[in-house]
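Beneath this line is the structure, given in structure tokens, with notes to follow.
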Amino acid sequence: MNFGPLIFLAAFFGLACSWFGFVLTPGIQVGRLQPTNTIPAGAVYPVGRPGLAAQGLAVYRANGCVYCHSQQVGQTGTVCDVLLTDTGTNGAALLVALRKIKPGLSEAEDQGLMTGLPKTLRQGLSKEEADPLVKILTSSGAKASAWIVPIGPDIARGWGIRRSVAEDFLYDYPVVPGSQRVGPDLANVGVRLPDANWHLLHLYAPRAFVKESAMPPYRFLFEKRRIERTRSANALALPPELAPEPDYEILPKPEAVALVAYLTSLRANEAIFSTPVSVAAAPSSSDTNSVAGGSNAVTNAPANNSSPAK
Amino acid sequence: VLVFIAVPINICQTVGHSVASARGNPPQAFFLFGVLAFCLSGLARVACVLLDSNQSLNFTWFNPGISQLNFYGFFAMAMFGAVYIIMPRLVGLGLPWPGLVRVQLWCSIIGVLLIVLPLVLGGWVQQVKLNDPNQPFVAVMRSSLPFLRISTLGDLLLLAGHLLFLTNLVGLVVGFYRARAVATYDELTEDLFKPAGAKP
Chain A
517 MNFGPLIFLA
527 AFFGLACSWF
537 GFVLTPGIQV
547 GRLQPTNTIP
557 AGAVYPVGRP
567 GLAAQGLAVY
577 RANGCVYCHS
587 QQVGQTGTVC
597 DVLLTDTGTN
607 GAALLVALRK
617 IKPGLSEAED
627 QGLMTGLPKT
637 LRQGLSKEEA
647 DPLVKILTSS
657 GAKASAWIVP
667 IGPDIARGWG
677 IRRSVAEDFL
687 YDYPVVPGSQ
697 RVGPDLANVG
707 VRLPDANWHL
717 LHLYAPRAFV
727 KESAMPPYRF
737 LFEKRRIERT
747 RSANALALPP
757 ELAPEPDYEI
767 LPKPEAVALV
777 AYLTSLRANE
787 AIFSTPVSVA
797 AAPSSSDTNS
807 VAGGSNAVTN
817 APANNSSPAK
Chain B
2 VLVFIAVPIN
12 ICQTVGHSVA
22 SARGNPPQAF
32 FLFGVLAFCL
42 SGLARVACVL
52 LDSNQSLNFT
62 WFNPGISQLN
72 FYGFFAMAMF
82 GAVYIIMPRL
92 VGLGLPWPGL
102 VRVQLWCSII
112 GVLLIVLPLV
122 LGGWVQQVKL
132 NDPNQPFVAV
142 MRSSLPFLRI
152 STLGDLLLLA
162 GHLLFLTNLV
172 GLVVGFYRAR
182 AVATYDELTE
192 DLFKPAGAKP
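Next comes the structure, spelled out in structure tokens:
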């Protein structure tokens with residue numbers, strides 16, 4: 517009755533399986549991850565964080581932010597919207613096409629659809645449903661495209677425009693994707709709340725800015741100083757009930773500045789190959805404002821169609 | 002999954018544990034609870050992976066709850082049982098207050114349940130709300146607060162149980178050293194108390 521070798525082999529097999537699953541497979545999948553390109557702009561993604569933001573990651577770790585904040589946006593699926601981008605020249609043919617795509621249109625609605633382009637004609641379709649509709653439109657001489665829109669509760673909350681992928685964390689060491697959501701997800705906090713001053717104030721007194729916030733105030737990242745001659749430029753502009761005595765001012769320590777630089781650098785919202793999402797293509801003239809406007813339009817789209825997507 | 006079914010069957014057959022035999026024997030009851038907690042936490046994890054298509058449960062209090070069931074319910078309870086069985090035999094004395102073992106057993110069992118059940122339930126509620134984008138995030142967070150408060154009660158019960166454990170253990174060690182000290186004292190002073198005439 518000597519089962520020693522058998523027990524050893526069984527235990528070895530068990531441990532080997534979990535090593536394959538937890539160590540080897542992820543290593544093969546993302547171990548040699550390289551920077552990729554954004555679509556359609558073709559810029560390199562991701563770019564390393566600026567030095568101050570990289571220091572901020574250390575502050576983020578040191579203060580245990582990761583225990584309450586996740587940095588991973590989830591996505592339950594992808595839908596397609598049919599977008600009319602250009603009416604073309606054949607108005608009559610386009611009208612026929614529009615009637616096919618949206619049966620029961622009135623005259624006034626027709627005109628409304630053809631002005632103020634791009635216009636979303638149908639929402640929440642699958643790729644197979646959207647492609648024929650786009651074809652109907654393009655064959656009438658108009659320009660149309662099927663827009664890829666990721667959906668999911670996190671995206672509907674405005675936490676991001678697509679799911680988080682390994683590339684988002686490529687230059688972070690260690691990665692802090694987080695495992696709990698006592699606080700909101702921060703994967704895109706730099707897009708959502710780009711104002712560094714807001715972040716500083718919020719770190720100093722979270723409840724003054726988000727009612728019922730569960731976040732503790734991080735006042736030890738700030739120092740109270742006597743005003744010598746004039747107020748410092750970077751002193752916090754606190755509301756009166758939080759402000760210190762008249763002769764004093766609250767200044768962020770370097771840690772707070774680094775942490776805020778890190779938070780505002782969290783912008784995992786580029787469209788890349790592994791998470792397709794349609795964003796407005798950069799116009800031929802390098803007009804950055806309109807690019808920003810275009811991507812905002814996309815950001816808003818999932819919020820609009822969240823209810824039919826359910 | 003097989004592990005979580007095979008282990009309790011194995012243990013119960015090897016040691017012959019059953020609820021009936023554990024009733025009169027608190028250290029055994031610690032083991033029994035530990036084994037139960039081990040299977041439950043393991044099965045819950047497996048079920049969680051299979052059920053949760055959306056991965057939201059991972060971000061809630063559900064996971065800490067299951068971890069507590071694993072770490073405290075299984076590991077700590079088994080260790081308590083082991084200490085309660087091993088220490089008296091090691092020292093060669095009975096526990097000074099055997100009744101406290103039973104009290105600690107119930108403190109621990111109720112404490113663990115009070116921690117785990119609210120966290121698991123709260124995690125589930127939190128997940129449902131997280132998946133509903135119409136719920137503002139602050140409301141999601143607020144919904145988990147009552148559950149956290151109840152689980153703090155569980156923590157307090159565990160603390161009480163630990164104090165009882167410490168009392169017994171310290172009592173045992175003190176008893177052990179007192180017995181040794183008395184023995185040594187007797188040995189050293191043996192000659193002094195002998196009647197004077199007995200000395201050669």
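Taken in order, these protein sequences are the chains called A and B.
Residues 517 to 826 (this note's numbering) make up the first sequence, in order.
Residues 2 to 201 (this note's numbering) make up the second sequence, in order.
Here a beta-carbon is modelled for each residue, glycine too, at the ideal position from N, C-alpha and C.
The count of Cβ pairs closer than 8 Å, one atom from the segment 35-44 of chain B and one from the segment 63-77 of chain B, reaches three, so the stretches are in contact.
Leaving aside the five residues that flank Gly95 (chain B) on each side, the residues in its chain whose CB is nearer than 8 Å to its CB run, in chain order, Pro89.
Rounded to whole angstroms, the gap between the alpha carbons of Ile12 (chain B) and Phe524 (chain A) is 19 Å.
Apart from sequence neighbours up to five positions away, the residues of its chain that approach Ser57 (chain B) with a beta-carbon distance below 7 Å are Gln128, Leu131 and Asn132, ordered along the chain.
Among the CB atoms of chain A, none fall inside 8 Å of the CB of Ser68 (chain B). Of all residues in the segment 715-746 of chain A, the ones placed with a Cβ closer than 9 Å to any Cβ belonging to chain B are Val726, Lys727, Glu728, Ser729 and Ala730, in chain order. For Val589 (chain A), the closest of A:Pro648, A:Gly676, A:Pro770 and A:Val692 by C-alpha to C-alpha distance is A:Gly676. In the structure shown, Glu623 (chain A) falls within a helical segment according to DSSP collapsed to helix, strand and coil. DSSP, reduced to helix, strand and coil, places Tyr73 (chain B) within a helical segment of the structure shown. Between Gln696 (chain A) and chain B, the shortest Cβ-Cβ separation is below 8 Å. Taking CB atoms only, Leu131 (chain B) has a neighbour in chain A less than 8 Å away. Beta-bridge annotation (DSSP): Tyr561 (chain A) is paired with A:Thr552. Separation of Gly657 (chain A) and Pro792 (chain A) (C-alpha to C-alpha, rounded to the nearest whole angstrom) is 27 Å.
Pro770 (chain A) carries a helical assignment under DSSP once its states are collapsed to helix, strand and coil. Look at the segment 667-686 of chain A: the residues with a C-beta under 7 Å from a C-beta of chain B are Pro669, Ala672 and Arg673. By the C-beta density criterion, Asp192 (chain B) is exposed, having fewer than 16 other C-beta atoms within 10 angstroms. Under the Cβ criterion (8 Å, minimum of three pairs), the segment 643-658 of chain A does not count as touching the segment 573-593 of chain A. Using a CB distance cut-off of 8 Å, Ser790 (chain A) does not count as an interface residue toward chain B. Looking from the CA of Val698 (chain A), the closest CA among B:Leu106, B:Ser145 and B:Leu3 belongs to B:Ser145. With contacts defined as CB atoms closer than 8 Å, Ala557 (chain A) and Asp684 (chain A) fail to qualify as a contacting pair. Straight through space, the alpha carbons of Gly520 (chain A) and Pro566 (chain A) are spaced by roughly 56 Å. When the beta-carbon positions are compared, Gln591 (chain A) and Ile671 (chain A) come within less than 8 Å of each other. Bridge partners of Cys584 (chain A) according to DSSP: none are assigned.
For Pro542 (chain A), the closest Cβ of chain B is not nearer than 8 Å.
Each of A:Gly547, A:Thr552, A:Arg679 and A:Leu767 was checked against the Cα of Phe789 (chain A), and the nearest Cα belongs to A:Thr552. The beta carbon of Gly564 (chain A) lies closer than 8 Å to those of Ala570 and Tyr687 in the same chain, with the five residues before and after it left out. With at least 16 other beta carbons inside 10 angstroms of its own, Leu165 (chain B) counts as buried. One thing to note: Leu568 (chain A) has its Cβ within 8 Å of the Cβ of Ala777 (chain A).
Looking from the CA of Pro137 (chain B), the closest CA among A:Gly632, A:Gly674, A:Ser781 and A:Lys643 belongs to A:Gly674.
Considering only A:Pro756, A:Pro755 and A:Glu625, the residue with the shortest C-alpha distance to Leu611 (chain A) is A:Glu625. Residue pairing by DSSP places Phe738 (chain A) opposite A:Pro768 in a beta bridge. If you look at Val121 (chain B), you'll find it in the alpha helix (DSSP H) that goes Pro99 to Leu131. In this structure the segment 743-762 of chain A does not touch the segment 522-540 of chain A; the number of beta carbon pairs closer than 8 Å is below three.
Distance from the Cα of Thr605 (chain A) is smallest, within the candidate group A:Thr654, A:Pro733, A:Ala703 and A:Ile555, for A:Thr654. Contact with chain B is found for Pro700 (chain A), since one of that chain's Cβ atoms lies less than 8 Å from the residue's Cβ. Contact between Gln639 (chain A) and Asp597 (chain A) is confirmed by a C-beta separation of about 5 Å, below the 8 Å threshold.
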